[in-house]
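Counting in this note's numbering, the sequence shown runs without a single skipped number right up to 455 at its last residue. The beta-carbon is built from N, C-alpha and C at its ideal position, and this holds for glycine as well. Remarks on the structure that follows.
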Amino acid sequence: MPDLTPFLVTGLALGSVYALAGMGLVVLFRATGELNFALGAIGAASAMAAWQAHAWGTPIALAALCGVAAATAISAGYGAFVSARVARRSNVIKAVATLGLALALLGLMYFIWGDTPRRLRLPLSALNTELFGVRVTGVRVVALVLCVMTAIGISLLLARTRLGLQMRALADGRDLSALIGIDVERVTLIAWTATGVLAGTIGILLGSLVRLEPGVLTFMVVPSIAAAILGQLRSLWLTLAGGLAIGVLEAIATPFQDVAPYRSLVPFIVAIAVLVLLPARTFQTTRGS
């Protein structure tokens with residue numbers, strides 16, 4: 167039996183990023199009814215922009231901020247100019263529209279940077295600590311802490327603030343929310359902007375944890391969708407638990423030669439199991455969806 171402790175630590179770090187992305191999906195879905203398939207591509211654009219800025223001589227911390235700003239601009243731009251125009255269409259059409267954004271961004275990134283693997287080295291990568299006898303980098307610790315803090319922050323936002331109340335009202339009915347005086351377009355734009363900040367942060371973290379390549383980062387959204395489904399597209403804490411579980415399961419499968427080639431199937435297995443075991447009405451979030 168191999169020692170699974172190093173893989174457990176690695177899985178928690180990667181699972182934290184999955185959970186962060188899943189929470190971004192959940193918040194946006196709860197506010198707008200849109201499942202954002204472009205979140206991975208937006209994160210990838212953030213990481214590639216940060217790498218490019220650093221390659222041009224920008225300090226890495228400022229380059230990372232540039233990457234997050236680029237992701238936020240992309241997400242907010244989509245929310246302002248596309249999301250508003252498909253808001254009253256079916257959820258399928260809204261999801262396909264985000265898939266179109268993902269493919270457009272992926273094609274643009276391959277055109278600019280190609281498929282050459284790169285690495286985004288953050289200053290936190292040089293900070294090491296010991297956990298259960300395993301060396302843990304600062305990036306992994308920050309990913310886990312940020313994941314938990316984000317879940318707490320978003321939970322408080324939705325439960326204790328006026329904006330959170332407006333988001334929850336919007337989830338119950340877009341037209342009804344407009345009738346009672348909620349600025350629907352403003353709330354939608356805020357939700358997309360917040361998703362962009364999360365996507366940009368996720369891209370920067372992933373760029374330092376895995377191979378920095380547009381396709382790899384773009385399709386990291388799959389485990390995040392599985393985590394969001396595990397959270398029933400509603401619960402941030404179940405999404406957090408789901409992301410961590412998927413990351414750990416993927417990681418601990420690595421030392422087993424018979425299973426390791428298939429570890430990328432873990433998110434699909436989790437998502438299918440949840441969809442089969444839970445009734446369809448569980449995933450109704452917006453009226454008529």
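Residue i vs residue j beta-carbon contact at 8 Å
i    : j    : result
L396 : V440 : yes
R429 : M333 : no
G266 : E416 : no
A394 : V192 : yes
E200 : T303 : no
P389 : I370 : no
L329 : I356 : yes
P433 : A392 : yes
G381 : S182 : no
A237 : A365 : yes
Three-state secondary structure (DSSP) of residue i
i    : result
L402 : helix
Outcome for residue i when other beta-carbon atoms lying within 10 angstroms are tallied against a minimum of 16
i    : result
I240 : buried
P289 : exposed
F247 : exposed
G454 : Model confidence at G454 stands at a pLDDT of 41, short of 50, so the residue's coordinates are unreliable and nothing is read from them.
G373 : buried
M386 : buried
M275 : buried
T354 : buried
S256 : exposed
N202 : buried
A221 : exposed
I346 : exposed
R377 : exposed
F173 : buried
T327 : exposed
G190 : buried
Supposed contact pair residue j and residue i - C-beta distance, whole angstroms, cut 8 Å
i    : j    : result
L180 : I418 : Going by Cβ atoms, the distance from L180 to I418 rounds to 11 Å, so no, they are not a contact pair.
A216 : C232 : 6 Å
V350 : L336 : 6 Å
T367 : L205 : Not a contact, Cβ separation roughly 12 Å.
A185 : L271 : Going by Cβ atoms, the distance from A185 to L271 rounds to 23 Å, so no, they are not a contact pair.
(message) As an exercise, report each continuous alpha helix (DSSP H) stretch of at least 4 residues that is fully enclosed by the region 169 to 219, in chain order.
(response) 171 to 198
(request) Enumerate, from N- to C-terminal direction, the unbroken beta strand (DSSP E) stretches of 3 or more residues contained entirely within the region 255 to 329. (result) 294 to 297, 300 to 303
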